[in-house]
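Participant: I have a structure here, written as structure tokens, and I will follow up with some questions on it.
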Amino acid sequence: MAASMPKQTPADTKLKRQISADDDADVPVKRTKVDRSRSCPYLDTINRSVLDFDFEKLCSVSLSHINCYACLVCGKYFQGRGNNTHAYTHSVLEGHHVFLNLQTQKFYCLPDNYQIIDSSLEDIIYVLNPTFSDTLVSKLDTNPKMSRAYDGTTYLPGIVGLNNIKANDYCNVVLQSLSHVTPLRNYFLREENYAKIRRPPGDQQFLLVQRFGELIRKLWNPRNFKAHVSPHEMLQAVVLCSKKRFQITQQGDAIDFLSWFLNAMHSALNGTKKLSSSIISQTFRGKMLVYSRKIPPVDLSEQEKEKLFLMPEYQPRLEEIQWLYLTCDLPPPPLYPDEARENIIPQVPFATLLAKFNGLTEKEYKTYKDNTLKRFQVTRLPPFIICYFKRFTKNYFVCEKNPTIVNFPIKNIDFGELLSPEVRATHKHTTYDLVANIVHDSEPGGGQGGTYRCHVLHKATGKWYEMQDLHVADILPQMITLSESYIQIYEVREDIPNPHYLPPSARAQAQAQQVDEEASKEAAMETTTETGETATADSTTGSAEQNGNQTTES
Numbered sequence: 001m002a003a004s005m006p007k008q009t010p011a012d013t014k015l016k017r018q019i020s021a022d023d024d025a026d027v028p029v030k031r032t033k034v035d036r037s038r039s040c041p042y043l044d045t046i047n048r049s050v051l052d053f054d055f056e057k058l059c060s061v062s063l064s065h066i067n068c069y070a071c072l073v074c075g076k077y078f079q080g081r082g083n084n085t086h087a088y089t090h091s092v093l094e095g096h097h098v099f100l101n102l103q104t105q106k107f108y109c110l111p112d113n114y115q116i117i118d119s120s121l122e123d124i125i126y127v128l129n130p131t132f133s134d135t136l137v138s139k140l141d142t143n144p145k146m147s148r149a150y151d152g153t154t155y156l157p158g159i160v161g162l163n164n165i166k167a168n169d170y171c172n173v174v175l176q177s178l179s180h181v182t183p184l185r186n187y188f189l190r191e192e193n194y195a196k197i198r199r200p201p202g203d204q205q206f207l208l209v210q211r212f213g214e215l216i217r218k219l220w221n222p223r224n225f226k227a228h229v230s231p232h233e234m235l236q237a238v239v240l241c242s243k244k245r246f247q248i249t250q251q252g253d254a255i256d257f258l259s260w261f262l263n264a265m266h267s268a269l270n271g272t273k274k275l276s277s278s279i280i281s282q283t284f285r286g287k288m289l290v291y292s293r294k295i296p297p298v299d300l301s302e303q304e305k306e307k308l309f310l311m312p313e314y315q316p317r318l319e320e321i322q323w324l325y326l327t328c329d330l331p332p333p334p335l336y337p338d339e340a341r342e343n344i345i346p347q348v349p350f351a352t353l354l355a356k357f358n359g360l361t362e363k364e365y366k367t368y369k370d371n372t373l374k375r376f377q378v379t380r381l382p383p384f385i386i387c388y389f390k391r392f393t394k395n396y397f398v399c400e401k402n403p404t405i406v407n408f409p410i411k412n413i414d415f416g417e418l419l420s421p422e423v424r425a426t427h428k429h430t431t432y433d434l435v436a437n438i439v440h441d442s443e444p445g446g447g448q449g450g451t452y453r454c455h456v457l458h459k460a461t462g463k464w465y466e467m468q469d470l471h472v473a474d475i476l477p478q479m480i481t482l483s484e485s486y487i488q489i490y491e492v493r494e495d496i497p498n499p500h501y502l503p504p505s506a507r508a509q510a511q512a513q514q515v516d517e518e519a520s521k522e523a524a525m526e527t528t529t530e531t532g533e534t535a536t537a538d539s540t541t542g543s544a545e546q547n548g549n550q551t552t553e554s
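For the sequence shown, the positions run 1 to 554 when full-length UniProt numbering is used.
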């Protein structure tokens, strides 16, 4: 006979039902979810060779940016992960199960719809969104170590080709050059430097800042899957923010793009006229004095010209302006060939072009309405100086290019020669080195078509590299000076002090001494004048007395 079971009270039955419900609801489900997420059977289907996160994050079916996922098997983008979404349908039809949310950076398995947690996927996250610590940033210019891409290609971080979608090489060379400006690069490698900037609702300019930061981090990523980067998202932001002034499919002018880009970035970073208001202003902004006076028309008479000189608009004017780059005027090329009937390519020293900004050289500038004589005097040198050589001349019919070769030094150029002695004494460093050189190669017929390439200095190795879209090769420094340079970027050398620098206390003492010397000179001149007047008065009195005596005697 079976043993009798103890009789259960209603309270025991209720407690057993609660425990059973808790076990079914929490413990088994939670344990199963963690186990399945950490042991996904489809991780070996991930194909890293087809992954490319450089393009715009939108669904390949619906073209929507919302809730976009990347299939890690074929590399395509799809929207959603719930039932009947494009990603869900793709996983069922194609048998591709591993997806990455491009916004949250979380991995999911579809159609089972569970999250995957696995440390072997961290390299994919790093390619999608590279992150840099302060320690890593500080070692970029001292670490010459080569990196190896997933396909086995070796490359130097920062020396990475940019894809030319169609005719965007004029943008590529500017972006490559700016990526080697150390303060600018370090600022955008750390996203927290600009993440807290607040812009008005609906503002599109800040998109430019975000995309440029992403591009800089990808260019300097030591763990890339491939040894090149596509600037597609960056260029789309340029087209949007410039209101289609700069196009991907149409060749443009590199200096126009550089000028617009720096000003747009300065504005997007809430920059003002203060030199410390943004990283753009701190890095590139300089100051100069502009002396100008209008010239009267040549066909007027001398009397009419004298009347014009009395008018306010013909009075000499002085204004202080801020600049982002220095425009160097090239001398005109020879009109006729030489005796051997060969066109000689003229050459000009860089120092001759820079003499425009020393405050002594005066040049006439013509417009359709009037002519003006101008002098430029640099009063502040920024840490990085951009020099632009004005090679193109446009008229109603054609755009002509000046082929003059500029002879410039690669190292140790002293921009302090442009400053007055008083201003030069306020600069601790005035010696600069070249860090980037943009070259324009003309088509056989000349003009503004052609292509662009750039030379950049990799500081960790001390080598120069030539980059033209996806083409990257090292180059001798001697070959750089033979090219038709269009834009150059110079970096100040803080290890070479300015011998003319005076500390503020010494400058104040020198100014006080100068004031005392001028006061003593004025006092001496007044004394000399009074002495001369007294001597003249005495001689006049003596002559009068002598004449009176002679009259009395007669």
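Note that beta-carbon positions come from the ideal geometry of N, C-alpha and C, so glycine has one too. Just so we're clear, the structure is a prediction, and the values are computed from it rather than from any experiment.
How many whole angstroms separate the CB atoms of G381 and F415, which I take to be in contact at a CB cut-off of 8 Å?
Facilitator: As a working mapping, residue 381 is identified with position 381 in the sequence shown. As a working mapping, residue 415 is identified with position 415 in the sequence shown. Looking at the sequence itself, residue 381 is Leu, so the reference to Gly does not match. Between F415 and L381 the Cβ distance is about 6 Å, and since that is below 8 Å, they are a contact.
Participant: Could you tell me if L15 is buried or exposed, where buried requires 16 or more neighbouring beta carbons within 10 angstroms of its beta carbon?
Facilitator: Position 15 of the sequence shown, counting from 1, holds the residue named residue 15. A caution first: L15 carries a pLDDT of 41, below 50, which makes its placement in the model unreliable, though a value can still be read off. Counting Cβ neighbours within 10 Å, L15 comes out exposed, since fewer than 16 surround it.
Participant: In angstroms, rounded to a whole number, what distance separates the CA positions of I295 and E522?
Facilitator: Within the sequence shown, residue 295 is the residue found at index 295, counting from 1. Within the sequence shown, residue 522 is the residue found at index 522, counting from 1. Whole-angstrom Cα-Cα distance: 35 Å.
Participant: Should M1 go down as buried or exposed, given a rule of 16 or more other Cβ atoms within 10 Å for buried?
Facilitator: Start at 1 with the first residue of the sequence shown, and residue 1 comes out as number 1. Note that M1 has pLDDT 41, beneath the 50 cutoff, so the model's placement of it is unreliable and no number is given.
Participant: What's the C-alpha gap between T85 and V92?
Facilitator: Along the sequence shown, one-based indexing puts residue 85 at 85. Along the sequence shown, one-based indexing puts residue 92 at 92. Going by the C-alpha atoms only, they are around 11 Å apart.
Participant: Where in the UniProt domain "UBP-type" (38-135) do unbroken runs of the beta strand (DSSP E), each at least 3 residues long, occur, reported from the N-terminal end onward?
Facilitator: Within the UniProt domain "UBP-type" (38-135), the complete beta strand (DSSP E) runs of at least 3 residues are 68-71, 77-79, 98-101, 107-109 and 114-116.
Participant: Can you tell me which of the three DSSP states P331 falls into?
Facilitator: On the sequence shown, residue 331 is found 331 positions in, with the first residue counted as 1. Three-state DSSP puts P331 in coil, outside helix and strand.
Participant: Would you mind sorting M234 into buried or exposed? The rule is 16 or more other CB atoms within 10 Å of its CB.
Facilitator: As a position in the sequence shown, residue 234 is number 234, starting the count at 1. Buried.
Participant: For the alpha helix (DSSP H) holding P421, just list the boundary residues, first then last.
Facilitator: Here residue 421 refers to the residue found at position 421 when the sequence shown is read from its first residue. P421 -> alpha helix (DSSP H) spans P421 to R424.
Participant: Which first and last residues belong to the alpha helix (DSSP H) in which T283 is found?
Facilitator: Locating residue 283 in the sequence shown gives position 283, counting from the first residue. Residues I279 to F284.
Participant: Report the three-state DSSP secondary structure of N186 (helix, strand or coil).
Facilitator: Within the sequence shown, residue 186 is the residue found at index 186, counting from 1. Correct three-state label for N186: helix.
Participant: Within the same chain, show all residues whose beta-carbon is closer than 7 Å to that of K459, passing over the 5 residues directly before and after it, in chain order.
Facilitator: Here the question's residue 459 lines up with position 459 in the sequence shown. D141, listed in sequence order.
Participant: Which first and last residues belong to the alpha helix (DSSP H) in which R380 is found?
Facilitator: The residue you call residue 380 lines up with position 380 of the sequence shown. No alpha helix (DSSP H) contains R380, which is instead part of the beta strand (DSSP E) from N371 to R380.
Participant: How far does the alpha helix (DSSP H) with H440 in it reach, from first residue to last?
Facilitator: The sequence position of residue 440 within the sequence shown is 440, counting from 1. No alpha helix (DSSP H) contains H440, which is instead part of the beta strand (DSSP E) from T431 to D441.
Participant: Roughly how many whole angstroms lie between the Cα atoms of L269 and V229?
Facilitator: Taking the first residue of the sequence shown as position 1, residue 269 is located at position 269. Taking the first residue of the sequence shown as position 1, residue 229 is located at position 229. Those two C-alpha atoms are separated by around 25 Å.
Participant: DSSP on S177, reduced to helix/strand/coil?
Facilitator: Sequence index remark: in the sequence shown, residue 177 carries index 177 (1-based). In the structure shown, S177 adopts helical secondary structure according to DSSP, grouped into three states.
Participant: Can you name, in chain order, every residue of its own chain whose Cβ lies under 7 Å from the Cβ of I216, other than the five neighbours on each side?
Facilitator: As a first step, residue 216 is located in the sequence shown; it is residue number 216 there, counting from the start. S179, R185, F188 and L189.
Participant: In this structure, how does DSSP classify T451 when only helix, strand and coil are distinguished?
Facilitator: Translated into positions along the sequence shown, residue 451 becomes position 451. In this structure, T451 counts as strand in the three-state DSSP scheme.
Participant: Please state whether DSSP places W260 in a helix, a strand or coil.
Facilitator: As a position in the sequence shown, residue 260 is number 260, starting the count at 1. The answer is helix: DSSP assigns W260 an H, G or I state.
Participant: To the nearest angstrom, how far is the alpha carbon of I344 from that of D169?
Facilitator: For the purposes of this step, residue 344 is taken as the residue at position 344 of the sequence shown. For the purposes of this step, residue 169 is taken as the residue at position 169 of the sequence shown. Take the alpha-carbon of I344 and the one of D169: they are about 29 Å apart.
Participant: I'd like the list of long-range same chain contacts for E443, defined as Cβ closer than 7 Å, with 5 residues on each side in sequence excluded.
Facilitator: Taking the first residue of the sequence shown as 1, we reach residue 443 at position 443. Same-chain partners within the cutoff: G449 and G450.
Participant: Rounded to the nearest angstrom, what separates D370 and D52 at their Cα positions?
Facilitator: As a first step, residue 370 must be located in the sequence shown, where it is residue number 370. As a first step, residue 52 must be located in the sequence shown, where it is residue number 52. Taking the straight line from one Cα to the other gives about 56 Å.
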